[in-house]
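Peer 1: I am attaching a structure below and will ask some questions about it afterwards.
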Amino acid sequence: MPPIDNDTGRNQLKSRIQELIDSNQVLVFSKSHCPFCVKVKDLFKELNVNCNVVELDLIEDGSNYQELLLEMTGQKTVPNVFINKTHVGGCDKTMKAHKDGVLQQLLCGENEVYDYDLIVIGGGSGGLACSKEAALLGKKVMVLDYVVPTPKGNTWGLGGTCVNVGCIPKKLMHQTALLGTSMQDARKFGWELPEETVKHNWETMKTAVNNYIGSLNWGYRVALRDKNVNYVNSYAEFIESHKIKVGRRFATNKRGKETFHTAAKFILATGERPRYLGIPGDKEYCITSDDLFSLPHCPGKTLVIGASYVALECGGFLAGLGLDVTVMVRSILLRGFDQDMANRAGKHMEEHGVKFLRKYVPVKVSQCDLSTTRPGLK
300 MPPIDNDTGR NQLKSRIQEL IDSNQVLVFS KSHCPFCVKV KDLFKELNVN CNVVELDLIE
360 DGSNYQELLL EMTGQKTVPN VFINKTHVGG CDKTMKAHKD GVLQQLLCGE NEVYDYDLIV
420 IGGGSGGLAC SKEAALLGKK VMVLDYVVPT PKGNTWGLGG TCVNVGCIPK KLMHQTALLG
480 TSMQDARKFG WELPEETVKH NWETMKTAVN NYIGSLNWGY RVALRDKNVN YVNSYAEFIE
540 SHKIKVGRRF ATNKRGKETF HTAAKFILAT GERPRYLGIP GDKEYCITSD DLFSLPHCPG
600 KTLVIGASYV ALECGGFLAG LGLDVTVMVR SILLRGFDQD MANRAGKHME EHGVKFLRKY
660 VPVKVSQCDL STTRPGLK
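First residue of the sequence shown? That's 300 in our numbering, and the numbers climb one at a time after it.
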């Protein structure tokens, strides 16, 4: 179409452009053959954001659109991007806005009202740290933490893996093993101890460890309360981009109630859980580190499958408590670590009674006999 040479036609087209800008959350003036336009359209597609695209090379008065866009925005090139009536600019400016987080703010819209500025899903070290920091900056924050029970039914409190089923209980049980070794060595340095063999009581240790962890759980809850962070022990499920359903997994919370919350921002800090073997009998007759630290009875003779640092740490303190421990290794010890040091660690463990089965992979786990006098599955 030839250029518009009268004010009426120009004003009508300008009104049409303004109407498009006002009625679309995201509007992109584009040309179908332009690689920069494709890049911007792909960005919104990746963000799962619907955008209205006007392909100027495919409409009759596309050149007139460009002339008026130049007059309105100072930009004639494409893509020409608008978000919630705000002119963002071309490809480079749109990409920079995305990188800087400005794009998401524009997409949220100035008039949007949410229940929270930030909802953190996950109550481990990362989730707790960022939630408290956001609260200190004046943001309204919620933390959701729900532990899906293990196949054995074990669950735990606020603080994540490290506090409940990782670093803290492992170090306490390792220290327990060191105390036993120290008592044996003490006789050599003048300590007169009873001649009978010193025995270890697993249940007493487990209770002490769990009591200590419980104090940490409570401390984290108090810290969140002091920072005005709303803590909810429930499962969260996204139902919209800014809305979650809160309750027990796939259903309701412990009180049988299902609630909904919205937030401008979300942080996923859910961490990971141990993987089972994927073989017959693994969940029926095996436990992971998620169950070991709260096991109600001494595990007795133990086979540790795997040679990661978690496996070797668990095998090490169990052997230190006087248990018969074997580690089954598929290939190498401590994959990803310096292998000279890994092999030295393995040699040290062997010298202290840990046995290794190398180049073995389990294919099935079954119960050999049923015992009421020994630890294990009853």
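From the three backbone atoms N, C-alpha and C, an ideal C-beta is built for every residue, glycine too.
When you compare only the Cα positions, how much space is there between Leu-567 and Asp-581?
Peer 2: Rounded to the nearest angstrom, the two C-alpha atoms are 29 Å apart.
Peer 1: Straight-line CA distance for Cys-466 to Gly-421?
Peer 2: Straight-line Cα distance between these residues: approximately 18 Å.
Peer 1: In this structure, how does DSSP classify Tyr-584 when only helix, strand and coil are distinguished?
Peer 2: Tyr-584: helix per DSSP, three-state reduction.
Peer 1: Does the distance from the C-beta atom of Pro-442 to that of Leu-515 stay below 8 Å?
Peer 2: Rather than Pro, the amino acid found at residue 442 in this sequence is Val. Against a cut-off of 8 Å, the Cβ pair of Leu-515 and Val-442 comes out as no contact.
Peer 1: Is it right to say Asn-463 is buried, meaning 16 or more other beta carbons lie within 10 angstroms of its own, or is it exposed?
Peer 2: Burial call: buried.
Peer 1: Which parts of the region 435-514 are runs of the alpha helix (DSSP H), unbroken and 4 residues or longer, counting only runs that do not cross its ends?
Peer 2: The region 435-514 contains these whole alpha helix (DSSP H) runs: 459-464, 466-485.
Peer 1: Contact defined as beta carbons within less than 8 Å: I believe Gly-570 pairs with Gly-423. What is the distance between those atoms, to the nearest angstrom?
Peer 2: Contact holds; Cβ gap of about 5 Å.
Peer 1: Which runs of the beta strand (DSSP E) at least 3 residues long sit entirely within the region 321-374? Give them in chain order.
Peer 2: The region 321-374 contains these whole beta strand (DSSP E) runs: 325-329, 351-354.
Peer 1: Is His-541 near Thr-561, with beta carbons less than 8 Å apart?
Peer 2: In contact: His-541 and Thr-561 (Cβ atoms closer than 8 Å).
Peer 1: In the DSSP assignment, find the alpha helix (DSSP H) that holds Lys-395 and state where it starts and stops.
Peer 2: That run of the alpha helix (DSSP H) goes 390-399.
Peer 1: Taking just the CA atoms, how far does Phe-616 sit from Gln-483?
Peer 2: Straight-line Cα distance between these residues: approximately 16 Å.
Peer 1: Starting from the N-terminal side, write out each stretch of the alpha helix (DSSP H) that is 4 residues or longer and does not extend beyond the region 594-635.
Peer 2: Complete alpha helix (DSSP H) runs here, min 4: 608-619.
Peer 1: With which residues is Ala-641 paired in a DSSP beta bridge?
Peer 2: DSSP output for Ala-641 lists no bridge partner at all.
Peer 1: Within 10 angstroms of its Cβ, does Phe-381 collect 16 or more other Cβ (buried), or is it exposed?
Peer 2: Buried, because 16 or more other Cβ atoms sit within 10 Å of the Cβ of Phe-381.
Peer 1: Which residues in the same chain as Arg-321 place their Cβ atom closer than 7 Å to its Cβ, once the five residues preceding and following it in sequence are excluded?
Peer 2: First, the amino acid is wrong: residue 321 is Asp here, not Arg. These residues qualify, in order along the chain: Lys-384.
Peer 1: Going by CA-CA distance only, name the one from Gly-456, Leu-355, Leu-435, Ser-588 that's closest to Arg-574.
Peer 2: The residue with the shortest Cα to Cα distance from Arg-574 is Ser-588.
Peer 1: If the criterion is Cβ atoms closer than 8 Å, does the pair Val-377 and Phe-343 meet it?
Peer 2: No, the Cβ-Cβ distance between Val-377 and Phe-343 is not below 8 Å.
Peer 1: Rounded to whole angstroms, how far is the Cβ of Leu-622 from the Cβ of Lys-654, which I believe are closer than 8 Å?
Peer 2: The pair is not a contact, with the Cβ atoms about 12 Å apart (cut-off 8 Å).
Peer 1: Quick one: residues in its chain with C-beta nearer than 7 Å to the C-beta of Thr-551, no 5 flanking neighbours on either side, listed in chain order?
Peer 2: Unreliable positioning characterises Thr-551 in this predicted model, as indicated by a pLDDT of 44, which lies under 50. A coordinate reading is not provided.
Peer 1: So Thr-625 and Leu-591 are in contact, right, with Cβ under 8 Å, and what is the actual spacing, rounded?
Peer 2: That belief does not hold up - the Cβ atoms of Thr-625 and Leu-591 are roughly 15 Å apart, past 8 Å.
Peer 1: Can you look up Glu-571 in the DSSP assignment and give me helix, strand or coil?
Peer 2: If DSSP states are grouped into helix, strand and coil, Glu-571 belongs with coil.
Peer 1: Among the candidates Gly-456, Ala-433, Gly-546, whose CA atom is the shortest distance from the CA of Ser-593?
Peer 2: It is Gly-456 whose Cα lies nearest to the Cα of Ser-593.
Peer 1: Under the three-state reduction of DSSP, which class applies to Tyr-519: helix, strand or coil?
Peer 2: Helix at Tyr-519.
Peer 1: Does DSSP put Leu-591 in a helix, a strand or coil?
Peer 2: Correct three-state label for Leu-591: helix.
Peer 1: Would you call the region 633-644 and the region 605-616 touching, i.e. three or more CB-CB distances under 8 Å?
Peer 2: Taking 8 Å as the limit for Cβ pairs, the verdict is that the region 605-616 does touch the region 633-644.
Peer 1: With a threshold of 6 Å on Cβ separation, who are the neighbours of Leu-402 within its own chain once the five nearest residues in sequence on each side are excluded?
Peer 2: Excluding residues within five positions, the ones whose Cβ falls inside 6 Å are Ala-396.
Peer 1: Alpha carbon to alpha carbon, what distance is there between Thr-503 and Gln-474?
Peer 2: About 14 Å.
Peer 1: So what does DSSP say about Leu-656, is it helix, strand or coil?
Peer 2: Three-state DSSP puts Leu-656 in a strand.
Peer 1: Can you give me the C-alpha to C-alpha distance between Lys-658 and Leu-611, rounded to a whole angstrom?
Peer 2: Computed Cα separation, rounded: 16 Å.
Peer 1: Classify Leu-576 as helix, strand or coil using the three-state DSSP reduction.
Peer 2: Coil at Leu-576, not helix or strand.
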